[in-house]
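Protein chains in written order, with the numbering used here: chain A, 968 to 1212; chain B, 968 to 1212.
To start, the structure itself, in structure tokens.
There are 2 protein chains.
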Amino acid sequence: MFSNTFLPNYDPGQKVACDVCNLTRLCLNPDVPPDEISQLSRVVRRNRTLQRGQYIYHAGDRFTGIFALKSGSAKLVYTDRLGCDTVISVLLPGELQGFDGMASGQYLCSLVTLETSSYCELPAHELSQVTQDAPNLQRLFQQKTCEMLNGFIERIANAQRPAEERLANFLLDLAQRHMERGFSAEQYHLSLTRQEIGNHLGLALETVSRLLGKLECANMIRVQGKHIQLLDMPGLGRLSGKIPS
Amino acid sequence: MFSNTFLPNYDPGQKVACDVCNLTRLCLNPDVPPDEISQLSRVVRRNRTLQRGQYIYHAGDRFTGIFALKSGSAKLVYTDRLGCDTVISVLLPGELQGFDGMASGQYLCSLVTLETSSYCELPAHELSQVTQDAPNLQRLFQQKTCEMLNGFIERIANAQRPAEERLANFLLDLAQRHMERGFSAEQYHLSLTRQEIGNHLGLALETVSRLLGKLECANMIRVQGKHIQLLDMPGLGRLSGKIPS
DNA sequence: AAAAAAGTTTGACCCAGATCAATAACCATA
DNA sequence: TATGGTTATTGATCTGGGTCAAACTTTTTT
């Protein structure tokens, strides 16, 4: 079984300041100098913990701030006027979210934990002050939103491709991000259900199940419920269309 | 035939400063004070004109700045590693683009004119200076990128819906945006080909043609080549799933 | 540990929209 | 006003992935 801890000796319950948090290099970036980090640290609300399925924020809530996931995972879900949900993205530790509330002053989506998770918050009313005094932090946020924009562009283009390609892509993307967090890229715990994966990729849950089975038959992956093992990364890369063969 | 002029007496060839440009309220927003606008105005490169199919920027080009369309229209196109194009969005006068180059320092997509168009540019090397001295402009850019983020979220969710709904949505979205620009919402010139519409909506061009025909049979629209007339907006709204019935 | 609920797999069948193909309309340019 | 090249329409056919259904497995609750 996987624990939610991020790195060895890391206690998610501990209220560490930003400058000594081992997620700093993921949340922030090398351009943000120590003084701006400590300035940030002063206003960040640390370490709230939620159980699976609980909401970090609801669609429609007044914009209260930007959130940084500390441990666990979460999904960003958009609900349209007909009540139909779409899993827009999956959040891993060290990733920021909440920008969907910044434009209009209320969140467009809901951010829902996929397992027991903890997070920090940079409150909205501190945001404008901090970014005015800390130009590198300001730039960081602009950078992060542009990165997200690019991520969505690739996601939109990907949606046109066949089911198998999208799934391979999804598995490799998670592997990559797990690795960046010091976890194993070769095997990991899928915190989403087949239903949620399907929703995220625009597929029926049955199709996800079948495709996972197919990849397993082809000896490219090993599936045991939510535990995934990638046996043939190059092969998956070829399938995903990202790595030209 | 439609002209490219935006408002009566507007000459797109004229090199007007930002503060007297009648696109100001679209490019910028009411929060940006006059002194910041004139500061912006000083560094903006104005009014380059291109013919249909020419590139404002190419994917892979070094990030040179943010662009504002003055007249005409353009498409943002992402090309994946297999050379497969996707029309990510359509740009109308007063809209900004180029944020896809800000994260990595080179553009992820290409911005291609759909007809004879003119545009302004805010050069990258001026960007950091301007936004440091002009906090409202800085906030504006952050705001615009977050709005785009939200637009993409809705687009991703929409991609799951049936073809007819997506098309109705697309037609109404253009109508809305034409109206915001002082053009008629009821009828407008589609600057995209059926191929491009299909690509944008994830459909084959034949499907676009058939669906337009179907909507025309249902007396909801009138189609004559690229000229579109919306006869039954409420009906289209119902079809689009955006307006609950 | 049993029961209930939630999630997963597998099979049979179906359909929205793709693909293929042929024709027709709309241009540009000469 | 021909003429060659895009762009659009329409019909026939096909298929990837959806839907429905039933059994099975895992997790949660009692």
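Even glycine gets a Cβ: it sits at the ideal position worked out from N, Cα and C.
Residue 998 of chain B sits in coil when the DSSP states are folded into three classes, being neither helix nor strand. In this structure residue 1195 of chain A touches residue 1138 of chain A by the C-beta definition: roughly 7 Å separates them, less than 8 Å. Straight through space, the alpha carbons of residue 1045 of chain A and residue 1204 of chain A are spaced by roughly 29 Å. Using beta-carbon distances, residue 1109 of chain B counts as an interface residue toward chain A, with a partner under 7 Å.
The residue from B/1209, B/1156, B/1173, B/1178 with its alpha-carbon nearest to that of residue 1192 of chain B is B/1156. Each residue's CA atom was taken as its position, placing residue 1146 of chain B and residue 1152 of chain B some 5 Å apart. Per the C-alpha coordinates, the member of A/1052, A/1176, A/1150, A/1132 positioned closest to residue 1166 of chain A is A/1052. The three-state reading of DSSP puts residue 1098 of chain A in helix, counting H, G and I together. Each residue's CA atom was taken as its position, placing residue 1011 of chain B and residue 988 of chain B some 12 Å apart. The C-beta of residue 1045 of chain A comes closer than 7 Å to at least one C-beta of chain B. When Cβ pairs closer than 8 Å are counted between the two stretches, the segment 1020–1036 of chain A is seen not to touch the segment 1116–1123 of chain A, the count staying below three.
Residue environment analysis places residue 985 of chain A among the buried positions, since at least 16 neighbouring C-beta atoms fall within 10 angstroms of its C-beta. Taking the Cα positions, residue 1082 of chain B is about 16 Å away from residue 1162 of chain B. With contact defined as three or more Cβ pairs closer than 8 Å, the segment 991–1003 of chain A and the segment 1067–1086 of chain A are not in contact. By the criterion of a C-beta distance shorter than 8 Å, residue 1008 of chain B is surrounded in its chain by 984, 985, 986, once the five residues flanking it on both sides are discounted. If you draw a 10 Å sphere on the C-beta of residue 1101 of chain A, you find 16 or more other C-beta atoms in it, and that means buried.
A Cβ-Cβ contact shorter than 7 Å links residue 1031 of chain A with residue 1091 of chain A. The alpha helix (DSSP H) runs of length 4 or more contained entirely in the segment 1071–1129 of chain B are, from start to end of the chain, 1091–1100, 1102–1125. Interface criterion met: the Cβ of residue 1126 of chain B is under 7 Å from a Cβ in chain A. Among the CB atoms of chain A, one or more fall inside 7 Å of the CB of residue 1117 of chain B. Here the C-alpha atom of residue 1023 of chain A lies approximately 10 Å from the C-alpha atom of residue 1043 of chain A. Closest in C-alpha terms to residue 1129 of chain A, from the list A/1071, A/1168, A/1098, comes A/1168. With the criterion set as a beta carbon lying under 7 Å from some beta carbon of chain A, the segment 1011–1038 of chain B has no members that meet it. Any Cβ of chain B closer than 7 Å to the Cβ of residue 1070 of chain A would place that residue at the interface, and such an atom is present. Among the residues facing chain A, residue 1002 of chain B is not included, as its CB has no counterpart in that chain under 7 Å away. Cβ neighbours of residue 1112 of chain A within its own chain (closer than 7 Å, five residues either side excluded): 1066. For residue 1156 of chain B, the beta-bridge partners assigned by DSSP are B/1194. Against chain A, a Cβ distance below 8 Å from residue 1099 of chain B picks out 1102.
For residue 1165 of chain B, the enclosing alpha helix (DSSP H) covers residues 1161–1168. Secondary structure note for residue 1176 of chain B: its alpha helix (DSSP H) is the uninterrupted segment 1172–1184. At least one beta carbon of chain B lies nearer than 7 Å to the beta carbon of residue 1120 of chain A. Ranked by Cα distance from residue 1115 of chain A, the first of A/1003, A/1020, A/1063, A/1179 is A/1063.
Counted as a single uninterrupted DSSP element, the alpha helix (DSSP H) harbouring residue 1206 of chain A occupies residues 1200–1207. Excluding the 5 residues flanking it on each side, residue 1201 of chain B has no same chain C-beta neighbour closer than 6 Å. For residue 1052 of chain B, the enclosing beta strand (DSSP E) covers residues 1052–1058. If you ignore the 5 residues before and after residue 1206 of chain A, its C-beta comes within less than 7 Å of the C-beta of 1131, 1132, 1135, all in its own chain and listed in chain order.
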